[in-house]
Amino acid sequence: MNDKVAIITSGGDAAGMNPAVKSAAEHALRLGMKPYVVEWGLRGLIEGWIHEATQARLSGILHRGGTVLGSSRSKRFFELKHREIAHANLQKKGINKLIVIGGDGSFSALNQFYSDFGVPFAGIPATIDNDIPGTDYCLGVDTALNMIRQSVDSIRDTASSFSRAFVIETMGRHCGYLAMTSALATGAEICLVPEIPYDLDAIAERMRREKELGRTYLLGVVAEGTGMGESLTRWMGDALGMDARLTVLGHVQRGGSPTVYDRIMAFKFAVAAVEELANGGTNQVITFKDGTFGNSSISKIADTTHRVDQHLIQLCEGLSR
Ligand code: F6P
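Mapped onto our numbering, the consecutive letters of the sequence shown carry residue numbers 954 to 1274.
Structural data, given as structure tokens:
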């Protein structure tokens, strides 16, 4: 087999990208392919920042957060003239296959590239938002949840010491997965997410009862997609009469050394992606659904609306009213 495969990390960085790069390159070698890495995502394809995936490049990266290759959200890649340059860069090195580790925006970009030039690719879902249709898990989610869990536990210490109310805003774009999971894991009293209608009067009533029974502080976790961080904090002061503070966790959620779970999932996704290309797959995303690895076409992913696990939603409903 004379395949040459280039590995790219693209879009928002996520813990687990580095072990996925390492594992994909090593598995490609095992199957007789020659692996390459692209620096700075789709931008690097256009600029020609493409190198052989030597041991020197792959050593010592497994435990590092983010992506050592660098990433970008390249607008230029959406213009044909820049995709032509990117294709010429691949041709110069004889690279005929791609693995992209990122989110659905990156997969769509590579799908366009496939339509233009027929370069097969396999996608590995990686985004802390966990919002890619067709897969239950995206790399980076477990690490982000552990960062959030640690931060919320710390905030609980100060909230209880000062008898305060805290709102903690999580990332996730339009998806409430991070907020719901971390609200449950940290024992928050309130959780507002785009997926669940909320009732502030009912929450106020519940909090009043709990205060009468001895509650002295409270925590609310809010998904950024609700846009409710500041107003919920004000409401806690006005409606509940509490000294309230807002903590926007922000990009701290994207960093940190990948957890054991993210490392092992990265290996499994990466091996599946290389196998998919070796077996002649063209434009498929590797999925993890109901405990099994599979694959899904980009068009199917694009046509499907992402839905958060119904059990998780049910568990959180009581925190939204
Ligand atoms: O998609 C990952 C994510 O971290 C979202 O949760 C967040 O809304 C967005 O990226 C932030 O983007 P940027 O890093 O470009 O500010």
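Using N, Cα and C, we set each Cβ at its ideal position, and we do this for glycine too.
Which first and last residues belong to the alpha helix (DSSP H) in which C1269 is found?
1263-1270
N1083 to S1210, Cα distance in whole Å?
18 Å
Residue range of the beta strand (DSSP E) that includes N1042:
Run containing N1042: none in the beta strand (DSSP E); it sits in the alpha helix (DSSP H), 1033-1046.
Cβ shell of T1096 (< 6 Å), same chain only, five flanking positions each side left out:
A968, G1209, P1211, T1212, D1215
With three or more beta-carbon pairs closer than 8 Å as the criterion, would you say the segment 1259-1271 touches the segment 1090-1107?
no
Tell me the DSSP secondary structure of S976 in three-state form.
helix
Is it the case that the CB of R1126 approaches a heavy atom of ligand 1 more closely than 7 Å?
yes
Alpha helix (DSSP H) segment containing K1164, residue limits:
1153-1165
7 Å CB neighbourhood of A1075 in its chain, flanking five on each side removed:
I1052, A1226, E1229, L1230, G1234, Q1237, I1239
For K987, tell me which candidate among G1173, S1116, T1139, T1007 has the shortest Cα-Cα distance.
T1007
Please determine whether the Cβ atom of D1191 lies at a distance below 7 Å from any heavy atom of ligand 1.
No, the beta carbon of D1191 sits no closer than 7 Å to any heavy atom of ligand 1.
Using 7 Å as the cut-off, classify the Cβ of E1148 as near or not near the heavy atoms of ligand 1, replying yes or no.
no
Pick from D1110, G1055, S976: whose alpha carbon is nearest that of I1217?
It is S976 whose Cα lies nearest to the Cα of I1217.
In three-state terms, what does DSSP make of I1077?
Secondary structure at I1077: strand, using DSSP grouped into helix, strand and coil.
For I1081, is the beta carbon positioned less than 7 Å from some heavy atom of ligand 1?
yes
CA nearest to the CA of F1246, picked from S1024, D1089, E1037, Q1044
Closest in alpha carbon position to F1246, among S1024, D1089, E1037, Q1044, is D1089.
Please find out if some non-hydrogen atom of ligand 1 comes closer than 7 Å to the beta-carbon of H1204.
yes
Which ranges would you report for the beta strand (DSSP E) in the segment 1058-1120 if only whole runs of at least 3 residues count?
As far as the segment 1058-1120 is concerned, its whole beta strand (DSSP E) runs of at least 3 residues are 1074-1078.
Between F1060, I1077, G1018, which has its C-alpha nearest V1224's C-alpha?
I1077
In angstroms, rounded to a whole number, what distance separates the CA positions of V1201 and L982?
43 Å
Is I1081 closer than 8 Å to M1124 when the C-beta atoms are compared?
Yes, Cβ-Cβ distance for M1124 and I1081 is below 8 Å.
With distances taken from CA atoms, which of E1000, M1195, R1161, I1143 is nearest S1116?
Across the set E1000, M1195, R1161, I1143, the C-alpha of M1195 shows the shortest separation from the C-alpha of S1116.
Run through the segment 1192-1231 for me and flag every whole alpha helix (DSSP H) of 4 or more residues, listed as ranges in chain order.
1213-1231
Can you name the residues that DSSP bridges to G1173?
V1120, I1143
For L1185, tell me which candidate among A1118, K1050, R1260 has the shortest Cα-Cα distance.
Among A1118, K1050, R1260, the Cα nearest to that of L1185 is on A1118.
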